[in-house]
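Numbering (our numbering), first residue to last: 133 to 415.
Ideal placement from N, C-alpha and C gives every residue a C-beta, glycine not left out.
Computed from a prediction, not measured in an experiment: that's the story for all the values here.
Below is one structure, written out as structure tokens; comments come after it.
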């Protein structure tokens with residue numbers, strides 16, 4: 133089978149991912165963090181394993197900054213919508229996913245937030261000069277698609293991160309197409325929010341994503357059971373549990389953890405194969 137839709141979702145999954153998903157459904161199918169009995173505790177340990185793997189792989193501050201979501205789209209929404217500054221200004225690009233563009237459109241209508249969409253140059257890169265020239269007094273966030281699923285161009289995240297740090301701006305990176313394909317170190321790149329699609333480059337299942345945070349704290353968008361402070365009717369704001377209302381899929385969590393570990397172990401091999409196929413396609 134010739135499959136050319138990996139940027140949408142990876143079709144072939146490593147055997148370790150399939151085994152992990154099956155084990156999650158048969159041996160760890162308990163409500164993690166919602167009970168004090170042994171099996172619920174063991175299931176919760178699998179959640180912690182994923183947080184630890186993501187922390188190491190993406191160079192995050194610590195495992196409590198890894199928020200588990202149902203998709204990359206949900207992760208992006210949490211990052212943008214929990215950081216709202218009414219009457220503020222956001223800088224992004226014309227090549228963003230609709231999870232960004234439609235959210236910005238909503239913010240402009242509901243919170244009087246303005247935004248500037250920059251166009252890449254002939255090399256497909258967003259000009260650092262353009263970014264600097266469009267920073268206003270009320271600018272508080274820059275959102276960039278790391279690698280475009282339309283053009284394949286890779287933005288200079290490190291330089292943009294330095295600008296954000298210098299001007300005290302929140303830096304949101306859409307890592308849907310880059311995670312698993314290119315090195316990302318959030319601390320070195322000054323990334324505040326990194327959104328991950330579990331079913332793409334990190335070879336996990338569909339129905340799971342990550343929002344990894346650095347030097348920032350998101351607010352809850354969904355309210356409900358978290359397994360913490362259950363005696364209170366107010367939504368907890370502790371991270372990450374306060375952002376993860378609802379029962380989590382242990383099977384997907386274990387599958388994604390296996391995918392991240394597989395990619396981490398075989399990163400150079402995967403990178404070389406992508407380069408080889410890309411060169412062949414261009415030729």
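Its chain contains 215, 217, 220, 221, 222, 301, 302 as the residues whose beta carbon lies nearer than 8 Å to that of residue 272, once the 5 sequence neighbours on both sides are disregarded; these appear in chain order. Residues 368, 373, 374, 376, 377 of the same chain have their beta carbon placed closer than 7 Å to that of residue 358, with the five preceding and five following residues left out of the count.
Exposed is the label assigned to residue 264, since fewer than 16 other Cβ atoms lie within 10 Å of its Cβ.
With a cutoff of 9 Å on beta-carbon distance, residue 279 and residue 295 are scored as not near each other. The closest CA to that of residue 190, considering only 228, 306, 317, is found on 317. Across the structure, residue 268 and residue 193 are spaced so that their CA atoms are roughly 29 Å apart.
Annotated three-state conformation of residue 271 is strand, per DSSP. Assigned with DSSP and collapsed to three states, residue 286 falls in strand. By the beta-carbon neighbour count (other beta carbons within 10 angstroms, threshold 16), residue 405 is exposed. With a 10 Å radius around the Cβ and a threshold of 16 neighbouring Cβ atoms, residue 135 comes out exposed. Looking from the CA of residue 153, the closest CA among 409, 387, 393 belongs to 387. DSSP links residue 395 through a beta bridge to no other residue. Selection 155, 157, 174, 158 evaluated against residue 164 yields 174 as nearest (Cα-Cα). For residue 176, same chain residues with a beta-carbon under 8 Å away, outside a window of 5 residues either side, are 164, 165 in chain order. When DSSP reads this structure, residue 341 sits in a beta bridge with 201, 329. Beta-bridge partners of residue 224 (DSSP): 249. Boundaries for residue 365: no beta strand (DSSP E) harbours it, and the DSSP string shows neither H nor E there. For residue 189, the enclosing alpha helix (DSSP H) begins and ends at 170 to 190. Counting along the chain, residue 306 sits inside no alpha helix (DSSP H); it lies in the beta strand (DSSP E) bounded by residues 302 to 306.
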